[in-house]
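The opening residue of the sequence shown carries number 2 in this note's numbering; numbering runs sequentially from there. Read through the structure below, which is laid out as structure tokens, and then see the notes.
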Amino acid sequence: MKLSFQNDSSIGRTVGRLLELVGLNILWALCCLPVVTAGAAACALHFALSPLRREDEGAFRCFFRSFRRNFKQATLLWLLVLVMGLLLLFCLRLVSFWEGAARTAGIAFFCVPALLLLMLAGYGFPLLAQFDIPTRRLIEDALLLGAAHFPRTLLVIGAMLLPAAALYFLPGLIVCVLFVWVPAGFSLTALLIERILEPVFAPYRDEP
């Protein structure tokens with residue numbers, strides 16, 4: 002039994018991985034407290050969970066290295082997503098007061114920019130975590146890759162929205178959702194997105 006919990010055993014590695022995810026989740030949450038730093042924290046979380054991370058360097062050191070390196074670009078991307086998201090919510094709120102066919106048409110119209118915004122958020126931070134890329138091209142590539150790999154894009158968006166959707170449609174599961182979400186939810190979501198996007202990003206890593 003003692004041997005099964007050593008660091009080189011499967012159980013030891015699993016426990017270590019879970020503790021790492023919890024630690025990264027707490028670190029991400031703390032770095033998001035100023036709000037404006039949420040983009041850099043998201044980018045750092047993706048880098049710490051990406052295949053580019055060297056295992057001997059450690060997840061937390063990788064987190065802070067990416068946080069410092071990508072702070073400016075990630076903050077610009079986050080502010081863009083935040084402002085556009087708030088504007089979109091405001092427009093949808095106005096549309097909700099309309100009636101009949103006008104309301105349905107208005108909601109359908111704003112679904113397109115909402116989808117583009119989710120694509121930008123879902124691809125933008127993982128892209129920045131793994132590639133040295135100018136901000137304008139980052140936005141373009143995030144949208145182009147999202148459109149070119151649309152089935153995977155739907156999986157990424159589903160991973161991003163799953164907790165909120167679960168609480169909205171199944172409020173009785175709030176205890177179960179929070180039990181998983183509070184300690185490790187964001188890091189698990191980032192890890193899932195990294196696994197979904199790995200086949201998308203892999204062919205471009207060897208390009209200059």
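Built from N, CA and C at the ideal position, the CB exists for glycine as well. Quick caveat: nothing in here was measured; it's all calculated off a predicted structure.
Backbone CA spacing between HIS47 and ARG94 [nearest angstrom]: Looking at the two C-alpha atoms, the distance is approximately 32 angstroms.
Alpha carbon of LEU80 to alpha carbon of GLN74, nearest angstrom: A direct Cα-Cα distance of roughly 10 angstroms separates LEU80 from GLN74.
Start and end residues, alpha helix (DSSP H) containing LEU168: Start and end: 151-170.
TRP79, enclosing alpha helix (DSSP H) - first and last residue: It spans 72-96 - the alpha helix (DSSP H) in which TRP79 sits, taken as one unbroken run.
Selected residue, minimal CA-CA separation from GLU199, among SER51, LEU171, ASP133: When each option's Cα is compared against that of GLU199, the closest is SER51.
Contacting residues, own chain, Cβ-Cβ under 7 angstroms from PHE202 (five flanking each side not counted): Once the five neighbours on either side are set aside, the close Cβ partners of PHE202 are GLN131.
Of the residues LEU118, GLY107, LEU146, the one placed nearest GLY86, counting alpha carbons only: Nearest to GLY86 by alpha-carbon distance, out of LEU118, GLY107, LEU146, is LEU118.
Meets three-Cβ-pair contact criterion under 8 angstroms: the segment 143-159 and the segment 95-112: Contact between the segment 143-159 and the segment 95-112 is absent, because fewer than three Cβ pairs lie under 8 angstroms.
Endpoints, the alpha helix (DSSP H) within which PRO114 is located: First-last of the alpha helix (DSSP H) with PRO114: 101-131.
Contacts around GLY125, its chain only, beta-carbon distance under 8 angstroms, and the 5 residues preceding and following it disregarded: LEU78, VAL82, LEU139, ILE140, ALA143.
Among GLY24, PHE91, PRO35, the one whose alpha carbon lies nearest that of GLY59: The shortest Cα separation from GLY59 among GLY24, PHE91, PRO35 belongs to GLY24.
Per-residue DSSP class, three states only, for VAL201: It is helical.
Cβ pair ALA185, MET161 closer than 9 angstroms: When the beta-carbon positions are compared, ALA185 and MET161 stay at least 9 angstroms from each other.
CA-to-CA distance, ILE197 to ASP133, given in whole angstroms: Roughly 21 angstroms separates the two Cα atoms.
The segment 32-43 in contact with the segment 103-113 per 3-pair CB rule at 8 angstroms: No: the two stretches stay apart, fewer than three of their Cβ pairs being nearer than 8 angstroms.
Pairwise C-alpha distance: ARG14 and SER5: Residue placement at SER5 cannot be trusted, given a pLDDT of 45 that sits under 50; the coordinates are not used to answer.
Three-state class that DSSP yields for ILE140 in the structure shown: If DSSP states are grouped into helix, strand and coil, ILE140 belongs with the helices.
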